[in-house]
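Trainee: Every number in the working numbering is 20 more than the matching position in the sequence shown, counting from 1. Before I ask anything, here is the structure I am working with.
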Amino acid sequence: MPEQLPERPKSVRNPWKTATFCLAGALMVTAAALAYTATGSQGDAPNASADPSPSIWQDDRPSADTAPVETTSPIPSRPADFKIGDEARNGGAVVTVTKVREAESINVAGGVKKAGGDAKYVILETVVFNDSKASMDLTCSLPIVNGLLDEQERRYDTIDDLYEVTGNPECNEQLQPGFKDEMQFVYRVPKGAKIIAWEFSEYDLASDREPSIIALASA
21 MPEQLPERPK
31 SVRNPWKTAT
41 FCLAGALMVT
51 AAALAYTATG
61 SQGDAPNASA
71 DPSPSIWQDD
81 RPSADTAPVE
91 TTSPIPSRPA
101 DFKIGDEARN
111 GGAVVTVTKV
121 REAESINVAG
131 GVKKAGGDAK
141 YVILETVVFN
151 DSKASMDLTC
161 SLPIVNGLLD
171 EQERRYDTID
181 DLYEVTGNPE
191 CNEQLQPGFK
201 DEMQFVYRVP
211 KGAKIIAWEF
221 SEYDLASDRE
231 PSIIALASA
């Protein structure tokens, strides 16, 4: 009877060796995936740069019109309400312009006052009737707001100290309601100015009155 060979001992599995193989396999799979991803990104890059996505902050609204805005003249462009010789009314002030004249000098208290070079005086001779409820100080107060207008729509104020002009009411001489008095409104303007109109309004703190306009012939 042949001799029986001894039984081969069973091999014992090394757990550390198995773990090493598993880790190596996982690393190989990860490396392959990363390489594929990088290759795909490089292939898609030209398309991405050629057609960028619009920014979410882009403002597609039409831009506002920046054209300059035309300004209007502060002087109202409307026909004159009255002419020389008319009784022009504004509130309780009734003014009649009887004459308009030019002069190089005017007579004032104590002498003669000259307009000076490149200037002239324009004098409006008027009659003022007080149809209001209170007295008016025509020369030292502001019962009648007024201005002289030329063809360039420039507005001129009266000279100071109208009470010194010969023939004008004295300072603080009150024109009582129901009475009238002669009054000269005097302006110093450029010598070449062409006067076309005079505007006035009764001074009123309670409301903003639109002035009355009197057309003037060239002085």
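Where a beta carbon is used, it is the ideal one built from N, C-alpha and C, also for glycine.
Hey, T186 and Y207 are a contact pair by Cβ (cut 8 Å); roughly how many whole angstroms apart?
Mentor: With a Cβ gap of about 16 Å, T186 and Y207 do not count as contacting.
Trainee: Which residue marks the beginning of the beta strand (DSSP E) containing P197, and which one marks its end?
Mentor: Careful: P197 lies outside any beta strand (DSSP E) and carries neither H nor E.
Trainee: Per DSSP, which residues does T116 bridge with? Please list them.
Mentor: Paired residues: E107 and V147.
Trainee: With DSSP collapsed to three states, give me the class of E219.
Mentor: Strand at E219.
Trainee: When you compare the CB positions of P197 and L158, do they come within less than 7 Å of one another, or not?
Mentor: No; because the gap between Cβ atoms is not below 7 Å, this pair is not in contact.
Trainee: Beta-carbon within less than 7 Å of K211's beta-carbon, same chain only, minus the 5 sequence neighbours each way: which residues are those?
Mentor: The residues are D138, A139 and K140.
Trainee: For F209, count the other beta carbons within 10 Å of its own beta carbon; 16 or more makes it buried, fewer makes it exposed. Which is it?
Mentor: Just to set this straight, residue 209 is Val in the shown sequence, not Phe. The residue in question, V209, is buried, as its Cβ has 16 or more Cβ neighbours within 10 Å.
Trainee: If you draw a straight line from the C-alpha of R174 to the C-alpha of F199, how long is it?
Mentor: Rounded to whole angstroms, R174 to F199 spans 33 Å at the Cα level.
Trainee: Taking only the alpha-carbon atoms, compute the straight-line gap between D228 and P163 and give it to the nearest angstrom.
Mentor: The straight-line gap from Cα to Cα measures roughly 14 Å.
Trainee: Mind checking who T139 pairs with in its DSSP beta bridge?
Mentor: Here residue 139 is Ala; the residue named in the question, Thr, does not match the sequence. Note: A139 sits in a beta bridge opposite P210.
Trainee: Once the 5 residues before and after A235 are set aside, which same chain residues still bring their CB inside 6 Å of it?
Mentor: Result list for A235: A100, K103 and A217, in chain order.
Trainee: Would you say V147 and Y223 are within 7 Å of each other, going by their C-beta atoms?
Mentor: Cβ atoms of V147 and Y223: not closer than 7 Å.
Trainee: Have a look at A129, F220 and R121 and flag the residue whose alpha-carbon is nearest the alpha-carbon of N110.
Mentor: Among A129, F220 and R121, the Cα nearest to that of N110 belongs to F220.
Trainee: Count the other CB atoms within 10 Å of the CB of V142; is the residue buried (16 or more) or exposed (fewer)?
Mentor: Label assigned to V142: buried.
Trainee: Comparing C-alpha positions only, which one of G112, N192, E107 and T116 sits nearest to F205?
Mentor: For F205, the nearest C-alpha among the options comes from T116.
Trainee: In its own chain, which residues sit with a C-beta less than 8 Å from the C-beta of A108, not counting the 5 before and 5 after it?
Mentor: The residues are D101, F102, V114, V115, T116, V117, F220, S232 and I234.
Trainee: Closer than 6 Å by C-beta to A129: which residues in its own chain qualify, once you throw out the five before and the five after it? Chain order, please.
Mentor: For A129, where only same-chain residues beyond five positions count, the Cβ hits under 6 Å are E184.
Trainee: Apply the 10 Å Cβ neighbour rule to G167 and answer buried if 16 or more other Cβ atoms are within range, or exposed otherwise.
Mentor: It is buried - the Cβ of G167 has at least 16 other Cβ atoms within 10 Å.
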